[in-house]
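What follows is a short report on a single structure.
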Amino acid sequence: MKCHRCGREIPEGDNYMHLGETLCEDCYLDIRMAVKACDPWAVHSATRFREGSGHKGTEGLTDLQKEIYELVKGKGKVRKEEVIENLNLSEQEMQRQLATLRHCELIKGRKEGDKVYLILYR
Ligand SMILES: [Zn+2]
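Residues 261 to 382, numbered by the numbering used here, are exactly what the sequence shown covers, in order.
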């Protein structure tokens, strides 16, 4: 049996089901963590909270996610590879953090020519 996302062979009994997909433990945890880290209602209340308090919208993020956010904010736009290098992340870790940051509407990708940059959501 193979993982639907990463294609890795899953040992018998170690498979997880998520929305009809068979996933390995790593991919399953990735999804669960991304969802848990930032649900829409948390974003909503964080948005309202920062309107009144002058905070910048990184409430509820992990230190690593804040670092990525600050890096993008500081540079205006930054390539994913630069972030990985700067913060010493693995590609997989970066994908995971980006999923959360996108979901939180903090960072998005923008294509310029054949390169993709990360920029602030707004
Ligand atoms: Zn997998």
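No residue lacks a Cβ here, since even glycine has one placed at the ideal position from N, Cα and C. Values in this document were obtained by computation on a predicted structure and should not be read as measured data.
Checklist entry - What residues in its chain sit with their C-beta under 6 angstroms from that of Arg268, if we drop five residues either side in the sequence? => result Cys284
Checklist entry - So Thr360 is in the alpha helix (DSSP H); what residue range does that whole segment cover? => result Glu351 to His363
Checklist entry - Applying the criterion that 16 or more other CB atoms from any shown protein chain within 10 Å of the CB defines a buried residue, is Thr360 buried or exposed? => result buried
Checklist entry - beta strand (DSSP E) containing Gly369: first to last residue? => result Ile367 to Glu372
Next on the checklist: Contact defined as beta carbons within less than 8 angstroms: I believe Met354 pairs with Ile344. What is the distance between those atoms, to the nearest angstrom?
Outcome noted: 5 angstroms
Next on the checklist: Between the alpha carbons of Leu358 and Gly336, how many angstroms are there, rounded?
Outcome noted: 16 angstroms
Checklist entry - If you measure from the CB of Arg265, is any heavy atom of ligand 1 nearer than 7 angstroms? => result yes
Checklist entry - By DSSP, does Arg339 sit in helix, in strand, or in coil? => result strand
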